[in-house]
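The next block holds one structure in the form of structure tokens; read it before the comments.
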Amino acid sequence: NLTFFVYNSTALLYSQNFTNTSNITVSYTVPYEAGEEYMWGYSAFHSRFGEMGRSRILRIAWFLDLGISRAYCTWIAIAIILFLTAMFSFTTVKFGYVAIPIVSLIFAFIGWLPNISIIIIALCLGILAYMSKREKEVGI
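Under our numbering, the sequence shown has 1106 at position 128, and the numbering climbs by one with no breaks.
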């Protein structure tokens, strides 16, 4: 006996049982819902080997959908970041070192920027640059 199952975060979505079959192929297409989490797997029972099974988690990333292509969303996010960067002057640039990576993290959180690791590195470098600029101003 083999049971294939799919759960979402609240309930069983799909289940199919197979008996006395040596080869099976089963599939189920989950609805694409941003932020949703699905668990799929199987549970098998064999008269000689006993019970065995496996399950996996599928997480669909959250995405702020405005009805436009994801590629355009990435370019829009980059344009907004560049616009905000241009707003900082020579005297306020130290705040931009931290503010721009934070805005980039917000865009990464809503799914408009794909690579969060480079943004975190930029934030760390921005904090270090801010501290360095602040020390030069204070004279430490």
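Don't be surprised by glycine CBs; every beta carbon is placed ideally from N, CA and C.
- Residue state for W1053 is assigned as helix, using DSSP reduced to three classes.
- Closest option to E1015, judged by alpha-carbon separation, among A1039, K1114, F1087 and Y1108: A1039.
- Around the Cβ of F1085, a 10 Å sphere holds 16 or more other Cβ atoms; the residue is buried.
- By the neighbour-count definition (other C-beta atoms within 10 Å, threshold 16), G1074 is a buried residue.
- By the criterion of at least three beta-carbon pairs nearer than 8 Å, the region 1077 to 1091 is in contact with the region 1038 to 1055.
- Beta-bridge pairing by DSSP links T981 to N995 and S1021.
- Between F983 and L990, the gap from beta carbon to beta carbon is short of 8 Å.
- Under the DSSP definition of a beta bridge, Y1016 partners with L1036.
- Bounds of the alpha helix (DSSP H) holding M1109 are I1094 to V1116.
- G1028 sits in a strand when the DSSP states are folded into three classes.
- Where L1083 is concerned, the enclosing alpha helix (DSSP H) starts and stops at V1071 to F1087.
- T1069 is the residue among T1069, R1026 and W1018 whose C-alpha sits nearest the C-alpha of R1112.
- About 18 Å separates the CB atoms of G1013 and R1034; that is not less than 8 Å, and the two are not in contact.
- Going by C-alpha positions, F1066 is about 13 Å away from I1058.
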